[in-house]
Amino acid sequence: MNSFTLSGSAGSPPRLALAAVGLAGLRVRQAAAELGLACLGAVTPDEPAEALVARALSAGCTALHPGEADTGRQLALARACRAAGLPFVGPRLALIEAMQDGAAVRTLLREAGVPLAEEGVPGRRVELAVLCDRLGRVRWLAVREALGPGLVRAPVAWLTPEQRTYLGQLALQGLAALELRGLVTLGFALQENRLGFCDMRPGLCGREALDEALTGLDPVVVQLRLAAGDRLRDRQAALAPRGHALQWRLVPAAATGISGGPGLRLDRAPETGGEGRLTAWGRTPEEARHRGRRGLEELLGVEEAAALMRPLGVD
C-alpha cells in the first residue's frame, strides 16, 4: 500500500474517495471529518471499481477507502487502484488475494506457527480487530462474538482473560511477518477447549464502535493515520478493554431517535432508509444491558426491545 497524504494544498483539504454509501461508509466519513479530509462518495454501492477510481483521480483524491466492503469487492478496488497508481487504504494486494482465497491465508498463518481451527468441526466463533503499522508493530483490540445476525458483544465473557491474551499473542505471531499495514479482523474458533485460526478479512467490518467504547481508540481514525504512514502510538496494555459493550444493527422508524445519556451511541444513515447501529457500554455487563434496553425501547418500543434482548438471556 502506497502512503497518501493527510495534508492538502493551501485552503484545500485533501480528498479521500470512498467506495461506499450509507451505513457502510458512515464511520469513514466521520473519521475523515475528524482528520480534516473531504470525501468523494460512490455513486451507488456497486459502482464499478474502474469507474470509481477514474472519478477519484479526476477529482484530485489522494487515496481510495473501501468502506465496509467484503473481501472480494476490496480485491477488485485494490486491483483498480494499483493499475491507476492511486493509493488504496487497505492491506497490500497480495494479502487481500490470500484472504479472498481463504486456504492461502490459512497457510500463511500456519507457517507462522499459528494453530488452525479444524474445518467442518463445530466450535464457538470469536473475532478481534488488529492494527499494524509500517514498523511492524501489532496491536489487538477487544475479542468480540456475534450473538445473531444483528447483535455483537465484547469482550467475550466465556473466554478467560488468559485465553483472550492468548488470542492477541496469536495475532501478533501470525501478522508480524506479513508486512501488513492497517486494520484486519481475525476469526478464531474454540473447539474442545482449543483455539484455532479460521479466517481473516481486510479493513472495516462495522463493529468498530465496540472497540472505541472499550479502549477509547477509534480504529477507523487510526487506520487512516496508518495508511498515511503514521505509527501506532498506544502500548498494548493501554488498549485492554475497560467495561462491556453491545451493538445492535436495526432499522428504526424515521421519526425516532434516542435521548442520549451515558453509554449510548447511535450511528445512522438516513439516506439508506434509516438503517443504524446502536452501541451500548458500561462498567459491568448488567450496566451495558440496561443502557442498551433503554436505547432500544426509545427506538423500537418495549415489545421489540424485549425480543432483541433475548439473545442475552434477558426478557
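Residue numbers for the sequence shown follow the numbering used here, so the first one is 259 and each next one is one higher. The beta carbon of each residue, even a glycine, is placed where N, CA and C say it ideally should be.
Legend entry - Close beta carbons around Val-363, own chain, < 6 Å, minus the five adjacent residues each side: Ala-356, Met-357, Met-458
Legend entry - Complete beta strand (DSSP E) runs within the region 538–564 (minimum length 3 residues, chain order): none
Inset, instruction - Identify the continuous beta strand (DSSP E) that holds Gly-360 and give its terminal residues. - result: Run containing Gly-360: none; DSSP gives neither H nor E here.
Legend entry - Nearest-angstrom Cα separation, counted from Val-509 out to Phe-446: 29 Å
Legend entry - Chain-order list of residues whose beta-carbon lies under 6 Å from that of Ala-290 (same chain, five-residue window excluded): Leu-274, Cys-297
Inset, instruction - Please classify Ala-296: does DSSP put it in a helix, a strand, or coil? - result: strand
Legend entry - Sequence-distant residues of its chain with Cβ nearer than 7 Å to Ala-342 (five each side left out): Val-311, Leu-315
Legend entry - Whole runs of the beta strand (DSSP E) within the region 458–523, excluding any shorter than 3 residues: 502–508
Inset, instruction - Under 8 Å by Cβ, that's how I've got Leu-444 and Thr-473 pegged, so tell me the actual separation to the nearest angstrom. - result: At roughly 17 Å, the Cβ-Cβ gap does not stay under 8 Å, so Leu-444 and Thr-473 are not in contact.
Legend entry - Neighbourhood of Gln-431 by C-beta, 7 Å cutoff - its chain only, sequence neighbours within 5 removed: Ala-370, Gly-371, Val-372
Inset, instruction - Give the range of the alpha helix (DSSP H) segment to which Thr-423 is assigned. - result: 419–433
Legend entry - For Asp-525: DSSP bridge partner residues: Arg-535
Inset, instruction - Would you kindly check if the distance between the Cβ of Gly-440 and the Cβ of Cys-390 is under 9 Å? - result: yes
Legend entry - Euclidean distance between Cα positions of Cys-339 and Ala-300: 15 Å
Legend entry - CB of Gly-408 within 9 Å of CB of Leu-566, strictly: yes
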